[in-house]
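Some notes on the structure that comes next.
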Amino acid sequence: NAGVMQNPRHLVRRRGQEARLRCSPMKGHSHVYWYRQLPEEGLKFMVYLQKENIIDESGMPKERFSAEFPKEGPSILRIQQVVRGDSAAYFCASSPPGTDNQPQHFGDGTRLSIL
Amino acid sequence: GDSVTQMEGPVTLSEEAFLTINCTYTATGYPSLFWYVQYPGEGLQLLLKATKADDKGSNKGFEATYRKETTSFHLEKGSVQVSDSAVYFCATGRHNAGGTSYGKLTFGQGTILTVHP
Chain A
297 NAGVMQNPRH LVRRRGQEAR LRCSPMKGHS HVYWYRQLPE EGLKFMVYLQ KENIIDESGM
357 PKERFSAEFP KEGPSILRIQ QVVRGDSAAY FCASSPPGTD NQPQHFGDGT RLSIL
Chain B
5 GDSVTQMEGP VTLSEEAFLT INCTYTATGY PSLFWYVQYP GEGLQLLLKA TKADDKGSNK
65 GFEATYRKET TSFHLEKGSV QVSDSAVYFC ATGRHNAGGT SYGKLTFGQG TILTVHP
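If you read the sequences in order, they're chains A and B. Be aware that the first sequence starts at 297, since it is given in this note's numbering, and climbs by one per residue. Be aware that the second sequence starts at 5, since it is given in this note's numbering, and climbs by one per residue.
As structure tokens, this is what we get:
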């Protein structure tokens with residue numbers, strides 16, 4: 297029973313490049329959440345998606361960041377033209393549909409380093 | 005929006021000592037409350053939760069009680085082990101409009117716990 301799978305675990309990019317982070321939710325989960333953890337800080341919510349829909353993107357930076365969760369395949373968090381300040385750990389979480397009081401299950405994260 | 009404040013760390017204890025990590029929150033209404041634990045290089049794991057006032061969440065010897073009057077959810081364990089060394093996060097969560105998920109969680113800044121033999 298695989299958990300939330302994120303890849304890559306570590307990603308290095310140079311300033312100005314694009315970063316793509318992937319998240320496969322747990323089997324049967326159709327809700328996906330992305331969080332960012334800056335060094336020495338807690339997790340900050342970025343975006344909440346269901347299949348083919350963005351439900352809440354109130355935590356997403358207005359520029360360069362986008363997220364999708366297509367009908368088939370993993371959820372993708374995309375960061376264009378990365379800058380040093382994007383260096384962080386990015387965590388994905390998932391939860392099942394239509395069930396009350398279900399907590400979110402987290403992946404092991406992608407550590408993004410910008411050179 | 006919600007906010008969560010945790011006891012600043014790091015917290016260093018000897019094995020078998022008593023642990024308390026304080027957590028207070030500000031929120032409108034009645035959010036659900038969670039404690040998550042993060043081991044080095046890993047993601048967060050749910051430790052325990054409480055969904056309404058006076059509920060007590062418990063797991064692996066850890067406990068926390070939802071105190072509405074003091075807006076607190078302090079984490080306690082009677083006898084810590086070296087294997088409990090990790091970062092602990094307190095969080096609030098709310099159901100979305102359809103009541104089908106918590107939507108976003110709001111986390112505290114985390115408390116590093118180190119337990120020595």
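For every residue, glycine included, the Cβ atom is placed at its ideal position computed from N, Cα and C.
**Item:** Coarse secondary structure for Arg-380(A), derived from DSSP in three states
**Value:** helix
**Message:** Check for me: the beta strand (DSSP E) holding Gly-97(B) runs from which residue to which?
**Reply:** 90 to 97
**Asked** If you draw a straight line from the alpha carbon of Pro-44(B) to that of Val-84(B), how long is it in whole angstroms?
**Response** 18 Å
**Request:** Answer with yes or no whether the minimum CB distance from Leu-50(B) to chain A is below 8 Å.
**Result:** Taking 8 Å as the CB threshold, Leu-50(B) lines the interface with chain A.
**Request:** Check whether the Cβ atoms of Glu-80(B) and Leu-23(B) sit closer than 8 Å, and answer yes or no.
**Result:** Yes; because the gap between Cβ atoms is below 8 Å, this pair is in contact.
**Asked** What are the boundary residues of the beta strand (DSSP E) that includes Met-301(A)?
**Response** 301 to 303
**Request:** May I ask you to list, following chain order, the residues of the stretch 362 to 386 of chain A that have a beta carbon less than 7 Å from some beta carbon of chain B?
**Result:** Per Cβ criterion, the list is empty.
**Prompt:** Using a beta-carbon distance below 8 Å, is Gly-33(B) in contact with chain A?
**Reply:** no
**Message:** Relative to the C-alpha of Thr-16(B), which candidate in Gly-112(B), Val-91(B), Thr-96(B), Asp-6(B) has its C-alpha closest?
**Reply:** Val-91(B)
**Item:** Reduced DSSP category for Val-84(B) - H, G, I as helix; E, B as strand; rest coil
**Value:** coil
**Message:** What does the alpha-carbon distance come out to for the pair Arg-98(B) and Gly-324(A)?
**Reply:** 21 Å
**Prompt:** Where does Lys-53(B) fall in DSSP's three states?
**Reply:** strand
**Request:** Assign Lys-358(A) to one of three DSSP states: helix, strand, or coil.
**Result:** coil
**Arg-318(A) (DSSP reduced to helix, strand or coil)** = strand
**Message:** Quick check on Gly-13(B) - is its C-beta less than 8 Å from some C-beta in chain A?
**Reply:** no
**Own chain residues within Cβ distance below 6 Å of Gly-13(B), not counting five before or after** = Thr-115, Ile-116
**Message:** Here's the rule: buried if 16 or more other CB atoms are within 10 angstroms of the residue's CB, otherwise exposed. What is Ala-68(B)?
**Reply:** buried
**Assigned exposure category for Gln-377(A) - 16 Cβ within 10 Å defines buried** = exposed
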